[in-house]
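In this note's numbering, the protein residues as written are 100 to 415.
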């Protein structure tokens with residue numbers, strides 16, 4: 100008899116406890132003045148419009164994200180993205196929800212160290228905001244992740260974050276280059292050149308000297324027309340990296356760029372000025388001279404003599 104009473108009591112109390120728990124949780128979690136539980140139900144309401152269903156998923160996902168429940172947030176953002184992409188003529192508001200979903204899902208994946216997928220989402224977010232002409236928002240996202248990357252460059256944080264930052268910048272830069280004018284980038288060559296330097300520094304820090312050399316070379320190419328000094332420094336950096344990677348042909352190619360910049364200045368007043376500014380980069384010039392002497396003593400005989408003379412003038 101006593102056991103039967105306990106069973107009846109449990110059958111009454113257990114559902115009541117579940118109801119009260121869910122009710123209290125729903126009352127705490129309110130979005131846009133609607134109970135969170137009601138929004139969960141509305142998501143599955145076949146009568147809700149596509150826009151409402153997408154909006155509700157984004158709202159719920161953001162709550163989970165703010166709570167640090169990233170897998171749950173990713174689930175709802177993914178549903179929102181899938182729904183939005185299934186609509187042919189999305190309109191401005193759904194396009195905005197789509198971009199926001201990519202942005203926030205990228206943040207969640209970054210927090211979970213799912214960097215590869217996160218990079219794709221961040222790219223789509225920036226592209227999405229550009230498409231709907233929310234240029235300040237697109238720029239803000241780029242700067243946030245660029246600042247994270249440059250912070251990693253200056254510290255000894257987990258190299259996995261540094262590698263992810265490199266991949267992110269490499270993926271986003273072509274998009275920014277195409278949209279430089281609309282984003283208000285007044286000097287695209289300078290902007291891109293400096294970002295290639297950041298990427299090169301990252302590669303060099305993780306010991307990938309081949310890709311570091313490639314990025315320094317790309318930076319040099321961007322600066323060559325308007326900033327020959329900075330171009331020279333980057334070609335010298337590229338040469339050093341390629342030497343460390345034991346890639347003599349690439350190193351020689353980088354050093355030929357230095358030669359192409361310096362030789363035309365020989366008969367002008369610009370050469371002494373240039374050499375004076377290169378004084379703090381003297382070790383790189385000496386490395387170049389040693390490389391040419393060792394590998395191309397006959398082919399570059401005349402230039403080797405000139406470069407040796409210039410280096411001596413810097414030392415004096």
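Backbone N, C-alpha and C define an ideal beta-carbon position, used for all residues, glycine too.
Quick caveat: nothing in here was measured; it's all calculated off a predicted structure.
Three-state class that DSSP yields for residue 152 in the structure shown: helix
With distances taken Cα to Cα, identify the nearest neighbour of residue 226 among 214, 239 and 215. 239
Could you work out which residue in 363, 259, 337 and 360 is closest to residue 351 when comparing CA atoms only? 337
Rounded to whole angstroms, what's the CA-CA distance from residue 446 to residue 301? Just pull it up for me. This structure gives no information on residue 446, because the portion of the chain shown stretches from 100 to 415.
State the Cα-Cα distance for the pair residue 244 and residue 371, rounded to the nearest angstrom. 40 Å
Relative to the alpha-carbon of residue 359, which residue among 375, 289, 346 and 402 has its alpha-carbon at the smallest distance? 402
At least 3 beta-carbon pairs within less than 8 Å: the region 181–195 vs the region 163–170: no
Residue nearest to residue 412 in terms of C-alpha spacing, selected from 294, 373 and 154: 373
Alpha helix (DSSP H) segment containing residue 316, residue limits: 308–322
According to DSSP, is residue 396 helix, strand or coil? coil
Rounded straight-line distance, which links the Cα of residue 390 to that of residue 194: 55 Å
Distance, Cα to Cα, residue 156 vs residue 254? 38 Å
Cβ-Cβ distance between residue 197 and residue 241 below 8 Å: no
Identify whether residue 250 lies in helix, strand or coil by the three-state DSSP scheme. helix
Do residue 319 and residue 311 have their beta-carbon atoms positioned less than 8 Å apart in this structure? no
Quick one: Cα of residue 303 to Cα of residue 404, how far? 31 Å
Taking Cβ to Cβ, would you say residue 299 is nearer than 8 Å to residue 315? yes
From the DSSP output, in three-state form, read off residue 269 for me. helix
Can you give me the Cβ contacts of residue 279 inside the same chain, cut-off strictly under 8 Å, excluding the 5 residues immediately before and after it? 287 and 290
Between 406, 282, 206 and 381, which has its C-alpha nearest residue 392's C-alpha? 406
Tell me the DSSP secondary structure of residue 238 in three-state form. helix
Looking at the C-beta of residue 336, does it have a partner C-beta in chain B at a distance below 8 Å? No chain B appears in this structure, which consists of one protein chain only.
Whole-Å CB distance - residue 305 paired with residue 262, under 8 Å assumed: 6 Å
For a test of the three-state rule: what should DSSP assign to residue 474, helix, strand or coil? The structure shown does not extend to residue 474, since the chain spans only 100 to 415, so no value can be given for it.
Between residue 309 and residue 158, what straight-line distance do the alpha-carbon atoms span, to the nearest angstrom? 45 Å
Per DSSP, what kind of secondary structure is residue 418 in: helix, strand or coil? Nothing about residue 418 can be reported from this structure: the residues present for the chain run from 100 to 415 only.
Inter-residue Cα distance where the pair is residue 326 and residue 339: 20 Å
Go through its chain and collect everything with a Cβ distance to residue 388's Cβ below 8 Å, but skip five positions before and after it. 403, 406, 407 and 410
Buried/exposed call for residue 191, threshold 16 Cβ in 10 Å: exposed
Which residue wins for smallest C-alpha separation from residue 384, given the options 246, 397, 363 and 332? 332
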